[in-house]
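For what it's worth, this note's numbering labels the leading residue of the sequence shown as 2, then goes sequentially. Think of the CB as a built atom: it goes at the ideal place given N, C-alpha and C, for glycine as much as any other residue. These numbers come from a predicted model, not from an experiment. Contents: one structure, followed by commentary.
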Amino acid sequence: MTCLAIDDEPLALDLLEDNIKKIPFLKLLKKCSNALEANEFLQSQPVDLLFLDIQMPGLTGIQFLQGLSKTPPLVIFITAYEQYALEGYSLDVIDYLLKPVSFERFLKAVNKAHDKFMVSRMPAPPPPSAAYMFVNSEYNLVRIDFAEVAYIEGLKDYVKIYMMSATRPVITRMSMKSLEDILPGDQFVRVHKSFIVSISKITSIRKGRIALLKEQIPISEHYRENLYRFIDPKNLGV
């Protein structure tokens with residue numbers, strides 16, 4: 002984590018620097034003696050964590066923090082004045098350290114900052130896959146529940162969608178490629194230029210054909226690897 006130390010007391014800055022050097026995941030980019038100097042530095046060099054003194058001449062640490070962008074760095078306040086703690090916490094800072102700061106207390110604060118920093122860097126979970134789609138069929142919008150789909154057969158500009166509980170397929174004008182892009186990739190696999198199957202509905206696979214709903218769906222060489230991504234070939238009698 003990159004960090005910036007801001008304090009108008011040289012001895013306090015030196016102590017901060019010494020403590021930071023003891024923490025493997027911290028990298029001090031600069032020490033500043035006032036908020037204006039720090040602001041100028043941050044214009045060209047953003048940091049992950051600020052060690053910020055509150056009571057400084059000119060612009061206080063609180064005023065400085067309030068003037069930062071909508072997404073300021075993580076902040077640990079360091080001050081000799083305990084009465085500023087409540088106001089500091091209202092600004093959603095990581096911690097408030099009272100001078101003189103022991104290394105044990107310093108370490109506890111930076112560990113809290115590091116935990117929050119790591120959580121912020123975690124990728125957001127993917128949005129849940131849709132469970133259904135609507136298609137135009139015979140002048141109606143028909144709901145297709147993916148869990149009910151057994152397989153799809155492509156017929157030039159149309160597709161037939163075979164459902165587990167339906168006696169006849171739903172026919173709609175759509176390309177196989179468009180449908181392949183819509184269907185959840187962890188539930189359906191294209192096994193032939195004319196067929197997409199639901200992985201969970203496969204009964205057996207033998208001699209290049211899939212048994213499904215009493216039908217035999219061909220597997221083409223071009224799409225064979227698509228299927229093997231989901232099924233261990235050692236378990237197949239192909």
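Nearest CA to the CA of residue i: which residue from the options?
i           : options              : result
residue 134 : 33, 140, 123 and 146 : 146
residue 80  : 214, 223, 56 and 186 : 56
residue 219 : 188, 16 and 193      : 193
residue 116 : 95, 100 and 223      : 95
residue 8   : 138, 107, 165 and 62 : 62
residue 199 : 69, 169 and 163      : 163
residue 102 : 168, 43, 16 and 231  : 16
residue 10  : 170, 227 and 58      : 58
residue 106 : 21, 34 and 40        : 21
residue 64  : 29, 24, 185 and 40   : 40
Leaving out the 5 sequence neighbours to the left and right, which residues in its chain are closer than 6 Å to residue i when beta-carbon positions are compared?
i           : result
residue 144 : 133 and 135
residue 155 : 177 and 195
residue 214 : 151
residue 60  : 36
Use the C-beta contact count for residue i: other C-beta atoms within 10 angstroms, 16 or more gives buried, fewer gives exposed.
i           : result
residue 191 : buried
residue 245 : Residue 245 lies beyond the residue range present for the chain, which begins at 2 and ends at 239; the question has no answer from this structure.
residue 120 : exposed
residue 206 : buried
residue 183 : exposed
residue 180 : buried
residue 97  : buried
residue 108 : exposed
residue 114 : buried
residue 167 : exposed
Do residue i and residue j have their C-beta atoms within less than 8 Å of each other?
i           : j           : result
residue 152 : residue 174 : no
residue 111 : residue 27  : yes
residue 203 : residue 211 : yes
residue 77  : residue 52  : yes
residue 172 : residue 138 : yes
residue 217 : residue 201 : no
residue 83  : residue 69  : no
Round the Cβ separation of residue i and residue j to the nearest angstrom and send it over; I've been treating them as touching at under 8 Å.
i           : j           : result
residue 4   : residue 54  : The Cβ separation is near 14 Å, so there is no contact.
residue 36  : residue 18  : Not a contact, Cβ separation roughly 18 Å.
residue 14  : residue 31  : So it is not a contact: roughly 10 Å between Cβ atoms.
residue 170 : residue 161 : 4 Å
residue 149 : residue 165 : 5 Å
residue 130 : residue 185 : 4 Å
Taking 7 Å as the limit between beta carbons, can you name the residues of its chain near residue i, skipping five residues before and five after?
i           : result
residue 66  : 53, 73, 76 and 92
residue 224 : 191, 192 and 193
Near residue i, what residues of its chain come up, given a Cβ to Cβ distance below 8 Å and the 5 sequence neighbours on each side ignored?
i          : result
residue 24 : 108 and 111
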